[in-house]
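Take a look at the structure below.
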Amino acid sequence: MSESVIQVDNLSLTFQTNDGPVHALSEIDLDIQQGDFVSLIGPSGCGKTTLLRVIADLEKATGGSILVNGVSPAAARLARGYGYVFQAAGLYPWRTIAKNVSLPLEIMGLDRTTRKERVARNLALVNLEGFEKKYPWQLSGGMQQRASIARALAVEPDLLLMDEPFGALDEIVRDHLNEQLLALWGKTNKTVVFVTHSIPEAVYLSTHIVVMSPRPGRIQDIVVSNLPRERTLDIRETPEFLTIANRVREGLRAGHSYDDVES
Amino acid sequence: MQETGFRKSVIPVTAVLLAILLVWSIASVLLNTPWQKDIYKRAGTQNVGAVEFVKATMAQERPVLPSPQQVAVEVYNTTVKKKVTSKRSLVYHSKITLSSAMLGFAMGTLLGIVLSVAIVYNRALKKSLMPWIITSQTIPILAIAPMIIVVLNSMGVQGLVPKAFISMYLSFFPIVVGMVKGLNSPDTGHMDLMRTYSASNWQSFWKLRLPSSLPYLFTSMKIAIAISIVGAVVAELPTGAVAGLGARLLAGSYYGQTIQIWSALVMASILAGSLVWIVDIVGRLVTHRMGLNHA
Amino acid sequence: MLESSVAPKALERTLYIGAACLGVLGLGSLLLQFFGASLLISTSLLVVVAAVVGNKLASHNSAMAAVWLLATSSLAAAFLIIFLSNYDAETASVPYAFWFLVIASWALAWASVSRFTEINTLSRTVNGVLTVLIPLIFGVWLLLLWEFVTQGHDVPKVLLPAPSDIGDRLVNSVPTLWADFKQTFIKSVLTGYIMGCSAGFLVAILIDRSPFLKAGLLPVGNLVAALPIVGIAPIMVMWFGFDWQSKAAVVVVMTFFPMLVNTVAGLSAASKIQLDLMNTYAANYWQSLFKLRLPEALPFIFNALKINSTLALIGAIVAEFFGTPIVGMGFRISTEVGKMNVDMVWAEIAVAALAGSLFYGFIALLERVATFWHPSMRSTAR
Numbered sequence: 001m002s003e004s005v006i007q008v009d010n011l012s013l014t015f016q017t018n019d020g021p022v023h024a025l026s027e028i029d030l031d032i033q034q035g036d037f038v039s040l041i042g043p044s045g046c047g048k049t050t051l052l053r054v055i056a057d058l059e060k061a062t063g064g065s066i067l068v069n070g071v072s073p074a075a076a077r078l079a080r081g082y083g084y085v086f087q088a089a090g091l092y093p094w095r096t097i098a099k100n101v102s103l104p105l106e107i108m109g110l111d112r113t114t115r116k117e118r119v120a121r122n123l124a125l126v127n128l129e130g131f132e133k134k135y136p137w138q139l140s141g142g143m144q145q146r147a148s149i150a151r152a153l154a155v156e157p158d159l160l161l162m163d164e165p166f167g168a169l170d171e172i173v174r175d176h177l178n179e180q181l182l183a184l185w186g187k188t189n190k191t192v193v194f195v196t197h198s199i200p201e202a203v204y205l206s207t208h209i210v211v212m213s214p215r216p217g218r219i220q221d222i223v224v225s226n227l228p229r230e231r232t233l234d235i236r237e238t239p240e241f242l243t244i245a246n247r248v249r250e251g252l253r254a255g256h257s258y259d260d261v262e263s
Numbered sequence: 264m265q266e267t268g269f270r271k272s273v274i275p276v277t278a279v280l281l282a283i284l285l286v287w288s289i290a291s292v293l294l295n296t297p298w299q300k301d302i303y304k305r306a307g308t309q310n311v312g313a314v315e316f317v318k319a320t321m322a323q324e325r326p327v328l329p330s331p332q333q334v335a336v337e338v339y340n341t342t343v344k345k346k347v348t349s350k351r352s353l354v355y356h357s358k359i360t361l362s363s364a365m366l367g368f369a370m371g372t373l374l375g376i377v378l379s380v381a382i383v384y385n386r387a388l389k390k391s392l393m394p395w396i397i398t399s400q401t402i403p404i405l406a407i408a409p410m411i412i413v414v415l416n417s418m419g420v421q422g423l424v425p426k427a428f429i430s431m432y433l434s435f436f437p438i439v440v441g442m443v444k445g446l447n448s449p450d451t452g453h454m455d456l457m458r459t460y461s462a463s464n465w466q467s468f469w470k471l472r473l474p475s476s477l478p479y480l481f482t483s484m485k486i487a488i489a490i491s492i493v494g495a496v497v498a499e500l501p502t503g504a505v506a507g508l509g510a511r512l513l514a515g516s517y518y519g520q521t522i523q524i525w526s527a528l529v530m531a532s533i534l535a536g537s538l539v540w541i542v543d544i545v546g547r548l549v550t551h552r553m554g555l556n557h558a
Numbered sequence: 559m560l561e562s563s564v565a566p567k568a569l570e571r572t573l574y575i576g577a578a579c580l581g582v583l584g585l586g587s588l589l590l591q592f593f594g595a596s597l598l599i600s601t602s603l604l605v606v607v608a609a610v611v612g613n614k615l616a617s618h619n620s621a622m623a624a625v626w627l628l629a630t631s632s633l634a635a636a637f638l639i640i641f642l643s644n645y646d647a648e649t650a651s652v653p654y655a656f657w658f659l660v661i662a663s664w665a666l667a668w669a670s671v672s673r674f675t676e677i678n679t680l681s682r683t684v685n686g687v688l689t690v691l692i693p694l695i696f697g698v699w700l701l702l703l704w705e706f707v708t709q710g711h712d713v714p715k716v717l718l719p720a721p722s723d724i725g726d727r728l729v730n731s732v733p734t735l736w737a738d739f740k741q742t743f744i745k746s747v748l749t750g751y752i753m754g755c756s757a758g759f760l761v762a763i764l765i766d767r768s769p770f771l772k773a774g775l776l777p778v779g780n781l782v783a784a785l786p787i788v789g790i791a792p793i794m795v796m797w798f799g800f801d802w803q804s805k806a807a808v809v810v811v812m813t814f815f816p817m818l819v820n821t822v823a824g825l826s827a828a829s830k831i832q833l834d835l836m837n838t839y840a841a842n843y844w845q846s847l848f849k850l851r852l853p854e855a856l857p858f859i860f861n862a863l864k865i866n867s868t869l870a871l872i873g874a875i876v877a878e879f880f881g882t883p884i885v886g887m888g889f890r891i892s893t894e895v896g897k898m899n900v901d902m903v904w905a906e907i908a909v910a911a912l913a914g915s916l917f918y919g920f921i922a923l924l925e926r927v928a929t930f931w932h933p934s935m936r937s938t939a940r
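Chains as they are written, first to last, in the numbering used here: chain C, 1 to 263; chain H, 264 to 558; chain U, 559 to 940.
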């Protein structure tokens, strides 16, 4: 059943700055299959967000090749082949929650009834029924982020790209949203690429954990999780979980010495 | 960083300015064409070459729209070539307008600062006066200028002071509004810090409120200085003043001397532009010296 | 907060004592002069009682003291007005007692303002009333003092007419004022404002796609906004004639640049994340313009609309100083000044002020409706 959703081959990206070239990504090889939950983890400056942005065609690679859904990232973007969730919810304050979720659908040119139906369905998926008429600034941070996930899901993509979506939230809300995200993923069999710098979050959520290291940004290790697809928060106490977490931590440690990390 | 930004904008700005000059020239040719045709018709001149025709349209004595070089020549003739004391020198007229504008600006700034400090430190004053100051921004106070001039004249106050009074009146509002905002700009964290030191009002004013209000002060001063020039020019209109840039405008409009109007206008613009520029530079130096613009 | 709740108390005490003293002085000077009869005596008694009771009340209940002081100071002011209207200031000068009482009742009014500001309440209605009442007391007293000084000192009308004179003139010349208003505001200002603002907006949208033009026009626009543009009025009069068209042209030029500069700035206000989001939706230029960048630019556009509302009135009025048909606010101001009819000038200025602030208020209201979501609006709206 597995087919490649994202194929990255010897990818590199170099920014030209006033202080000379910066190798944001170097020799990246990655193959993500349909239904995978892949976390990109690493310290600041390791290029995890840049890699996600290359997949989303928000940055252009300077070397190597990358295919998303079998086509170039640009073609995948134009075909609305993915949903993207940013670290900040980025909801429009002048639109209600329902109108925010419907925004990408309006841009795609869908008709009113389809939009309404999809908005309702996806708001239900993130448990935000009853908040359609509220404005974003009337909601808590966690609810805003859930609305932005609903907005990404409304495009109904098979691929979900998430850039530290829960990074700005407190830990209790974050745990709760992790559980909901996992349930959502279980229900829909979507492919998720998830950027984080939290080891427990990465291990708890993922089928594959890609450990990255900086200067130049490259893949240090790919840890395949043997945890069952259906998990509860309690799984974080099990020895299997801790083994995987340890391997991730070792990968991070091998990637660089901590004393030269810029925070 | 600033230098690259500066260099980046020089070419586009120059291009835009050149484009404006070009449009101006073309417009002056087009607008002056009917009159020029009329001249030729009456003189019975025929078969005028296109180049010659265009040249003629740009060199009329009382053109509908003088060409840029006519204005430039007029400005040059009336500044560099005339004696500074001559009644026909633009420098002389500029000096008169400038001095009343400067006097008014200085008084307005001082008054504005004093009033804003009083407003910030007195809640009753703030609540009762501030709404009126904000409302007064919405009304065309410049309309009051002729009356102030005439009334002060009839009281025996003449010359520089009535005009300066209008400039003061106009420049004082932006200063008050900006300074009240500026003096209130320190965030609660900084204010709380002062309170943990149990600093007196006086101390927190000098050490916190005043320094943090400076960027606001200079922003308002830029508005105030520009508007005080406008005030001084307009103040010269109603009384039939004989000297000053406003008087030149008025005289030009009486006698249809378009070139004179335009050169007075250009002079006033140069004056306003360079004053704003000076305030900007001084503001930058001061805020930089105080380490306020690192952001 | 701390400093302001301490300082006025001492100030207030001085005000009470001062008011009481002045009241006694007024009484004393009355007895000495044996003049002006009972009205001033009762005012003096009123002021003394008001100050003494007010001082007692203030230490118990701010609100009660404020209302008491407001009532008594208003009553005292009313007495003084009645006294003044029965008095012929031209023949004999007003007794000193009058001036003492003016100062005393003004002190009472100020004490009441200062008491009103001390009221701390969560009630929205009370706060709403207070935000109107406090500046209102101040404004009314400014007019009162103006009235007292001009009438009591018999200031010549060519210098400064009393507010009552201006009011009379206002009521008696409604047809003239209305004709001037129509000529200047409805014809010149509104036409020029709409044309200038739309032109600035459209040009901003046009140059939005060219970073080169933006980089060039923005500094030039900022510079032009600082120039004395009203000076083009004589030229516009020559080009477009004496009627309202030339004034509208001045207004167009004056309002164009603030709108241009603000719209361009507003169009670049959208954050990086928002623009990226639009990119992930593969939105085209117009979609991201209408769905994201224009709504983000609205606060800037309204800022320009507000600035321009004042500029437009100034432009039209000043342009009329350079020649008009025999109607218009600027025309009326300049000719009546020449005829020394200063009360008519003031009436015209009052109309201009009212028109200006209503115009501004209307746009501010529109802004509140259109940008209800903006943080600056939310804090005041709730």
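Think of the CB as a built atom: it goes at the ideal place given N, C-alpha and C, for glycine as much as any other residue.
**OP:** Could you tell me if C/Ser263 is buried or exposed, where buried requires 16 or more neighbouring beta carbons within 10 angstroms of its beta carbon?
**Re:** Note that C/Ser263 scores 41 on pLDDT, short of 50, meaning its location in the model is unreliable and no value can be drawn from it.
Subject >> Exposure of U/Gly581, with buried meaning 16 or more beta-carbon neighbours within 10 Å >> reply: buried
**OP:** Give a yes or no on whether the C-beta atoms belonging to C/Leu264 and C/Val192 are separated by under 8 Å.
**Re:** No answer is possible for residue 264 of chain C: the residues shown for chain C start at 1 and end at 263.
Original post:
Along the chain, where does the alpha helix (DSSP H) that runs through U/Val713 open and close?
Top reply: Segment: none, U/Val713 is in no alpha helix (DSSP H) and carries neither H nor E.
Original post:
Do the CB positions of H/Ser526 and H/Val338 come within less than 8 Å of each other?
Top reply: yes
**OP:** Go ahead and pull the three-state DSSP assignment for C/Gly63.
**Re:** strand
Original post:
In this structure, does DSSP put U/Pro653 in helix, strand or coil?
Top reply: In this structure, U/Pro653 counts as coil in the three-state DSSP scheme.
Subject >> Cβ-based neighbour list, U/Asp766, same chain, cut-off 6 Å, excluding 5 preceding and 5 following >> reply: Leu825
**OP:** Would you mind working out which of U/Phe860, U/Val809 and U/Asp834 sits nearest U/Ala874, comparing C-alpha positions?
**Re:** With distances taken between Cα atoms, U/Ala874 lies closest to U/Val809.
Subject >> U/Met902 (DSSP reduced to helix, strand or coil) >> reply: helix
Subject >> Rounded C-alpha distance that separates H/Ser357 from H/Ala495 >> reply: 10 Å
Subject >> Limits of the unbroken beta strand (DSSP E) element including C/Met162 >> reply: Leu159 to Asp163
Subject >> Test: H/Val414 CB closer than 8 Å to a CB of chain U >> reply: Judged by the 8 Å Cβ criterion, H/Val414 is in contact with chain U.
**OP:** Note the first and the last residue of the continuous beta strand (DSSP E) segment covering C/Arg215.
**Re:** If you look at C/Arg215, you'll find it isn't in any beta strand (DSSP E); DSSP assigns it neither H nor E.
**OP:** Could you name the residues of chain U that H/Ala387 contacts, counting a contact when the two beta carbons are closer than 7 Å?
**Re:** Pro566, Val671, Ser672 and Thr675
**OP:** Please classify H/Leu328: does DSSP put it in a helix, a strand, or coil?
**Re:** coil
Original post:
Along chain C, in chain order, which residues have C-beta atoms closer than 8 Å to that of U/Ala841?
Top reply: Ile107
**OP:** Name the two residues that bound the continuous beta strand (DSSP E) containing C/Glu27.
**Re:** Run containing C/Glu27: Gly20 to Gln33, per the beta strand (DSSP E) assignment.
Original post:
Given that U/Ile546 touches chain C, what residues does it touch there, using C-beta distances under 7 Å?
Top reply: Residue 546 of chain U lies beyond the stretch modelled for chain U, which goes from 559 to 940, so this question has no answer here.
Original post:
What alpha helix (DSSP H) runs, 4 residues minimum, are completely inside the segment 689-741 of chain U?
Top reply: 721-730 and 732-739
Original post:
Closer than 8 Å, CB to CB, is C/Phe86 near chain U or not?
Top reply: yes
Original post:
What do you reckon, are the CB atoms on U/Ala877 and U/Met794 nearer than 8 Å?
Top reply: Cβ distance < 8 Å, so U/Ala877 and U/Met794 count as in contact.
**OP:** Consider the Cβ of U/Ile831: report whether some Cβ of chain C lies at a distance smaller than 8 Å.
**Re:** yes
**OP:** Entirely within the segment 482-537 of chain H and at least 4 residues each: give me those alpha helix (DSSP H) ranges in chain order.
**Re:** 508-518
Original post:
Between the segment 521-541 of chain H and chain U, which residues of the former have CB atoms less than 8 Å from a CB of the latter, in chain order?
Top reply: Thr521, Ile524, Trp525, Ala527, Leu528, Ala531, Ser532, Ala535, Gly536 and Val539
**OP:** For U/Phe641, count neighbouring C-beta atoms within 10 Å of its own C-beta (all shown protein chains included) and say buried if the count is 16 or more, exposed if not.
**Re:** Burial state of U/Phe641 is buried, judged by a 10 Å Cβ sphere holding 16 or more other Cβ atoms.
**OP:** State the Cα-Cα distance for the pair H/Ser483 and U/Asp901, rounded to the nearest angstrom.
**Re:** 33 Å
**OP:** Using three-state DSSP, classify H/Ser357 as helix, strand or coil.
**Re:** helix
Original post:
Using a beta-carbon distance below 8 Å, is C/Leu13 in contact with chain U?
Top reply: no
Original post:
Taking the alpha carbon of U/Leu840 as the point to measure from, which residue in C/Asp19, C/Ala76, C/Pro43 and C/Gly35 has its own alpha carbon closest?
Top reply: It should be pointed out that residue 840 of chain U corresponds to Ala in this sequence rather than to Leu. Closest by alpha carbon: C/Ala76.
Subject >> Whole-Å CB distance - H/Ser391 paired with U/Ile639, under 8 Å assumed >> reply: Incorrect: roughly 21 Å between the Cβ atoms, too far for contact.
**OP:** Please list the partners that C/Ala56 has in chain U, where partner means a Cβ-to-Cβ separation under 7 Å.
**Re:** Near C/Ala56 (Cβ distances below 7 Å), the residues of chain U are Thr838.
Original post:
What residues in the segment 707-724 of chain U bring their beta carbon closer than 8 Å to a beta carbon of chain B?
Top reply: The structure shown contains no chain B; its protein chains are C, H and U.
**OP:** May I ask you to report which of helix, strand or coil DSSP gives C/Leu139?
**Re:** coil
**OP:** Under the assumption that U/Phe674 contacts U/Ala624 (Cβ atoms under 8 Å), give the Cβ distance between them as a whole number of angstroms.
**Re:** 5 Å
Original post:
Taking 8 Å as the CB-CB cut-off, is H/Trp395 touching chain U?
Top reply: Chain U, which has a Cβ nearer than 8 Å to the Cβ of H/Trp395, makes this yes.
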